[in-house]
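Asker:
There are 2 protein chains.
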Amino acid sequence: MSKAKRLLDILLFVSAKKQFTAQEIADTFNISVRTVHRYLLDLSDMGLPIYAEQGRNGGYTVLSSTILPPILFTEDEAVAIFFAFQSLQYYRDLPFNTELKSVSQKLYNSLQNEAQKKVDSLQSYIAFWKPKRTISTPLLSDVLEAVMNHSQLEIQYESKSGITTKLVHAIGVYAHDGLWYMPAIHLKTEKTLLFRVDRIHSMIVINNGYKSSIHLQQWLENPLEPQQPIRLYVELTREGVRQCTSEPIFEKTVICHSDGTGYIDTIIDQGEIHFISAFFYRLGQHAIVKEPPELIQLLRKHAQDILATYPNES
Amino acid sequence: MSKAKRLLDILLFVSAKKQFTAQEIADTFNISVRTVHRYLLDLSDMGLPIYAEQGRNGGYTVLSSTILPPILFTEDEAVAIFFAFQSLQYYRDLPFNTELKSVSQKLYNSLQNEAQKKVDSLQSYIAFWKPKRTISTPLLSDVLEAVMNHSQLEIQYESKSGITTKLVHAIGVYAHDGLWYMPAIHLKTEKTLLFRVDRIHSMIVINNGYKSSIHLQQWLENPLEPQQPIRLYVELTREGVRQCTSEPIFEKTVICHSDGTGYIDTIIDQGEIHFISAFFYRLGQHAIVKEPPELIQLLRKHAQDILATYPNES
DNA sequence: TAAAACATGACAACTATTGTCATAATTAAA
DNA sequence: TTTAATTATGACAATAGTTGTCATGTTTTA
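Residue numbers (numbering that gives the first Met the number 0), protein chains in the order written: chain H, 0 to 313; chain S, 0 to 313.
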């Protein structure tokens, strides 16, 4: 076997094992101890963070986590990784902040001069713009760890009604619009609730093997349980069509007439009508809601509230 | 010099040069032609996409773009790259779709069995949720290329008033909320306008070295030129504070009283009040706008329009 | 103090790499 | 058609690198 192949095998072995003596390696790979020492020196030169302790009970220790075999990337691929990371940079907290930095650095350093310029120039012409969040989410990593261990959580949560304590089993964690959310099963009521991770003030992890039957992906595709379907029917002007096709929740359901006007005829959940009413309020006369009557009532009620809140002074 | 080092040097040389003969390599590195042939065979085995043409004027050709020296990643770093890519998967169009796929594949293949399970399991507990966009942006790559070449563009653009033709100089391209935008200088009026790339029906690239003085980053930090500052003053209930701190444009300006209520006192641009009025409409009595009067008038006006659009029928 | 570990050097045996030469195949230009 | 330029491959000796063995240190801890 070639030296390179052997080195790679040993690299993978030791970086998985973390703690070992030269004798162990010599035995598993059927090579002499002297050679093991030489190999480890080579790996150390190649950048493997390894250190040795002399004396009885000594041995070698690999510092960082498991290392992958070296991978060949093209420059275009490196650029893609850069921009993927750029698109994440507006999250104040991520479960892998330090890794993002180290990867960027490794890649950027390995780029030739010319390619570095290309990345720099691309960076000045393309961006992923999102407002920078200032809200911090210190418990994110802890929550994620608890989720992966199927632990229960006792959380102090700040909601509309103040701070309450709840015992929950988390389904997963997801990011939306720069904020982190945690759908979880409230163990007292057996209902699924949605929490914002930044609003969890503190938590206690209770380790027991409660296994949930629901998965995050499942939950995201088919959210909030109590489905109360109602029909939504809205007529749209040309401008209304333009606006609705830009709105994620409607873009698939807009039907367009040949003259550019159109309509929406779909089924929505009762729970969504507050959000939807705010949307159609904005569209004004460009969207005429015909159904459901609850939505029309809501629009009227809210309009009346607004007029009551702001009596005419002029 | 060790063989590995030499191979690396040749890898870099060859992948930068793309086209070469064995003799050239032999000369530049002072090795025999026979060895060059052997080396190129090795590189080919290592995955370098290279092919040879025999005969006079023949030679070797490296297919893909420049290759980076092999990089050692830790498993955690690989996981970070995976999730950065996951967060991008909701964009229907990206300037580097194919690279994302090839990188993911390379990384996933190089992970040990155990680590693959870890990635899979993480993937079922963490997500970046954004509504999947169905709007396609076929001209994205073309626009980006034009931007980087400082070219002018004559675009057929679909706006409120129908399809118009405009001659513009693009500043850059950015993604927001799943859609791609292009701020550009309209050459007739010298004003900066914001276009949505998916609404560009077709375009003609006019190659001339017009160099803009404004950069994308600059523009993003300090957008739309005509600043008409007005004072915004809003009183907030506890719930109002909660909602406003979740809204990117206000989260930094909310001032909180000790009892949990608070207020916003800041300067906004005249142009923003339509967006802002929709936001405060939603908050209803949880936010009482005191200034500017224009905003109050807008809220009243819109409420009246809504009431006129939906006369009471019940 | 002895045992268990790393660290390093010397050297012969072994293995891999390299250059040289030879030969073949392929292609394009003279 | 011939010739020159190119890749492709094999044989083999000279050279270079790697390995195992042995020897000698050093450090740490039971």
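Where a beta carbon is used, it is the ideal one built from N, C-alpha and C, also for glycine.
Note that the structure is predicted; figures quoted are calculated from it, not measured.
If we cut at 9 Å on Cβ distances, does Ser313 (chain H) have a partner in chain S?
Answerer: For the purposes of this step, residue 313 (chain H) is taken as the residue at position 314 of the first sequence. Reliability fails at Ser313 (chain H), whose pLDDT of 49 lies under 50, so the model's placement of it is uncertain and the value that follows must be treated cautiously. Closer than 9 Å: yes.
Asker: With a Cβ-Cβ cutoff of 9 Å, do Leu87 (chain H) and Phe72 (chain S) count as a contact?
Answerer: Looking up residue 87 (chain H) in the first sequence gives position 88. Looking up residue 72 (chain S) in the second sequence gives position 73. No, the Cβ-Cβ distance between Leu87 (chain H) and Phe72 (chain S) is not below 9 Å.
Asker: With a threshold of 9 Å between beta-carbons, can Ser201 (chain S) be considered close to chain H, or not?
Answerer: Walking along the second sequence from the start, residue 201 (chain S) turns up at place 202. Answer no: the Cβ-Cβ gap between Ser201 (chain S) and chain H never drops below 9 Å.
Asker: Determine the chain H residues that contact Ser150 (chain S) at a beta-carbon separation under 9 Å, and present them in chain order.
Answerer: Residue mapping note: residue 150 (chain S) aligns to position 151 of the second sequence, counting from 1. Here the premise fails: no neighbours, minimum Cβ distance about 12 Å.
Asker: Using beta-carbon positions only, say whether Thr236 (chain H) and Thr260 (chain H) come within less than 9 Å of one another.
Answerer: Against the first sequence, residue 236 (chain H) aligns to sequence position 237. Against the first sequence, residue 260 (chain H) aligns to sequence position 261. Yes.
Asker: Mind listing, in chain order, the continuous alpha helix (DSSP H) runs of no fewer than 4 residues lying wholly within the stretch 261 to 289 of chain H?
Answerer: The qualifying runs are 272 to 282.
Asker: For Arg55 (chain H), does the three-state DSSP call read helix, strand or coil?
Answerer: By one-based count along the first sequence, residue 55 (chain H) stands at place 56. Correct three-state label for Arg55 (chain H): coil.
Asker: Mapping DSSP to helix, strand and coil, what is Ser313 (chain S)?
Answerer: Locating residue 313 (chain S) in the second sequence gives position 314, where the first residue counts as 1. The predicted position of Ser313 (chain S) is uncertain, since its pLDDT is 49 and thus under 50; no value can be drawn from it.
Asker: Leaving out five residues before and five after Gln22 (chain S) in sequence, what residues of the same chain have Cβ atoms less than 7 Å from its Cβ?
Answerer: On the second sequence, position 23 is the one that residue 22 (chain S) refers to. Contacts found: Val32.
Asker: Give the secondary structure of Met181 (chain H) by DSSP, where H, G and I count as helix, E and B as strand, and everything else as coil.
Answerer: For the purposes of this step, residue 181 (chain H) is taken as the residue at position 182 of the first sequence. If DSSP states are grouped into helix, strand and coil, Met181 (chain H) belongs with the strands.
Asker: Three or more C-beta pairs closer than 8 Å, one from the stretch 190 to 202 of chain H and one from the stretch 153 to 160 of chain H: is that the case here?
Answerer: Contact between the stretch 190 to 202 of chain H and the stretch 153 to 160 of chain H is present, because at least three Cβ pairs lie under 8 Å.
Asker: How is the alpha helix (DSSP H) around Gly239 (chain H) delimited, first residue to last?
Answerer: Position 240 of the first sequence, counted from the start, is the residue given in the question as residue 239 (chain H). Note, Gly239 (chain H): alpha helix (DSSP H), 237 to 243.
Asker: Report the rounded CA-to-CA distance for Leu47 (chain S) versus Val61 (chain S), giving the unit in angstroms.
Answerer: Taking the first residue of the second sequence as 1, we reach residue 47 (chain S) at position 48. Taking the first residue of the second sequence as 1, we reach residue 61 (chain S) at position 62. Their backbone Cα atoms lie some 8 Å apart in a straight line.
Asker: State the DSSP-derived secondary structure class of Thr136 (chain H), mapped to helix, strand or coil.
Answerer: The sequence position of residue 136 (chain H) within the first sequence is 137, counting from 1. Three-state result, Thr136 (chain H): coil.
Asker: Under a three-way DSSP split, which group does Leu306 (chain S) fall into?
Answerer: Along the second sequence, one-based indexing puts residue 306 (chain S) at 307. If DSSP states are grouped into helix, strand and coil, Leu306 (chain S) belongs with the helices.
Asker: Which first and last residues belong to the beta strand (DSSP E) in which Ser342 (chain S) is found?
Answerer: Absent from the model: residue 342 (chain S). The displayed extent of chain S is 0 to 313, so no value can be given.
Asker: Can you tell me whether Phe72 (chain S) is helix, strand or coil according to DSSP?
Answerer: Within the second sequence, the letter at position 73 stands for residue 72 (chain S). Coil.
Asker: Going along the chain, which residues of the stretch 99 to 110 of chain S sit with their C-beta nearer than 8 Å to a C-beta in chain H?
Answerer: Residues passing the 8 Å Cβ filter: Leu99, Ser101, Val102, Lys105, Leu106, Ser109, Leu110.
Asker: When Cβ atoms are compared, which residues of the stretch 63 to 78 of chain S fall closer than 7 Å to chain H?
Answerer: Listed by position along the chain: Ser63, Ser64, Thr65, Ile66, Leu67, Pro68, Pro69, Ile70, Leu71, Phe72, Thr73, Glu74, Asp75, Glu76, Ala77, Val78.
Asker: What residues are listed by DSSP as bridge partners for His200 (chain S)?
Answerer: The count along the second sequence starts at 1 and reaches residue 200 (chain S) at position 201. His200 (chain S) is not bridged to any residue.
Asker: At a cut of 8 Å, does the stretch 139 to 149 of chain H reach the stretch 108 to 127 of chain S through at least three beta carbon pairs?
Answerer: Cβ pair count under 8 Å is three or more, so yes.
Asker: Short of 8 Å in beta carbon distance, which residues of its chain neighbour Phe194 (chain S), apart from the five on each side in sequence? Order them along the chain.
Answerer: Here residue 194 (chain S) is taken as the residue at index 195 of the second sequence, counted from 1. Excluding residues within five positions, the ones whose Cβ falls inside 8 Å are Ile154, Tyr156, Val167, Tyr180, Met181, Pro182, Ala183.
Asker: Report the rounded CA-to-CA distance for Ser313 (chain S) versus Ile295 (chain H), giving the unit in angstroms.
Answerer: Translated into positions along the second sequence, residue 313 (chain S) becomes position 314. Translated into positions along the first sequence, residue 295 (chain H) becomes position 296. Only weak support is given to the placement of Ser313 (chain S): the predicted model assigns it a pLDDT of 49, under 50, and the question is left unresolved by the model.
Asker: Just checking, does the stretch 269 to 284 of chain S make contact with the stretch 277 to 289 of chain H on the three C-beta pairs under 8 Å criterion?
Answerer: In short, these stretches touch, since the Cβ pair count reaches three.
Asker: Does Asp75 (chain S) pass the burial test, meaning 16 or more other C-beta atoms within 10 Å, or should it be called exposed?
Answerer: Taking the second sequence and counting its residues from 1, one reaches residue 75 (chain S) at position 76. Asp75 (chain S) is buried by the Cβ-count criterion.
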